[in-house]
Amino acid sequence: MMSCDKDKYEFPNANVNLFLYPNNPEFNGLHIPENWAYVNGGVNGILIYHNAIEGFIAYDRACTNDPLNSCEQIYIDTENLNTLSCNCCESQYFIFDGSVIQGPSVQALHRYRTNFDGVRLDVFN
């Protein structure tokens, strides 16, 4: 049985190939675990989170409920640092893997690949 194309979820394509130096003051202590930074790029900006166990994690800030709506942008919930929340639809995501905690979103956040050599952090797809 074939499914309708409208049922297939596809995150918008955005070429991401950037690098930064987490020790730079402009990134507000990103080199320290549990800190984060917002940078330009992707569909609606990129959130880089320094996980103490996994290293650096990068998500597109576009909420998967409606990724092309510029209002729907995720941010770190400062009342619960394990949660990423959407400005508009109030979807919530788990910071460690991008999975949905609360909808209306049903898809996990779009994650970019990262590579850290001890000095330079590359974020790419």
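Sequential numbering of the sequence shown, starting at 0, is according to numbering that gives the first Met the number 0.
By construction, the Cβ of each residue, glycine as well, lies at the ideal position given by its N, Cα and C atoms.
What do you reckon, is the C-beta of residue i under 6 Å from a heavy atom of the ligand SAM?
i: residue 120; result: This structure does not include the ligand SAM; it has no bound ligands of any sort.
Buried or exposed: where does residue i fall if 16 or more other Cβ atoms within 10 Å of its Cβ makes it buried?
i: residue 71; result: buried
i: residue 63; result: buried
i: residue 60; result: buried
Do you know offhand how far residue i's Cα is from residue j's?
i: residue 36; j: residue 66; result: 20 Å
i: residue 110; j: residue 11; result: 12 Å
i: residue 102; j: residue 58; result: 18 Å
Can you name, in chain order, every residue of its own chain whose Cβ lies under 6 Å from the Cβ of residue i, other than the five neighbours on each side?
i: residue 81; result: 94
i: residue 38; result: 45
i: residue 87; result: 70, 71
Which same chain residues, not among the five before or five after residue i, have their C-beta less than 8 Å away from its C-beta?
i: residue 32; result: 49, 50, 51
i: residue 30; result: 21, 22, 49
For a test of the three-state rule: what should DSSP assign to residue i, helix, strand or coil?
i: residue 115; result: strand
i: residue 26; result: helix
i: residue 110; result: strand
i: residue 34; result: coil
i: residue 82; result: strand
i: residue 68; result: coil
Give a yes or no on whether the C-beta atoms belonging to residue i and residue j are separated by under 7 Å.
i: residue 116; j: residue 18; result: no
Excluding sequence positions up to five away, which residues of its chain have a Cβ less than 7 Å from the Cβ of residue i?
i: residue 84; result: 73, 74, 76, 91
i: residue 34; result: 27, 28, 49
i: residue 105; result: 99
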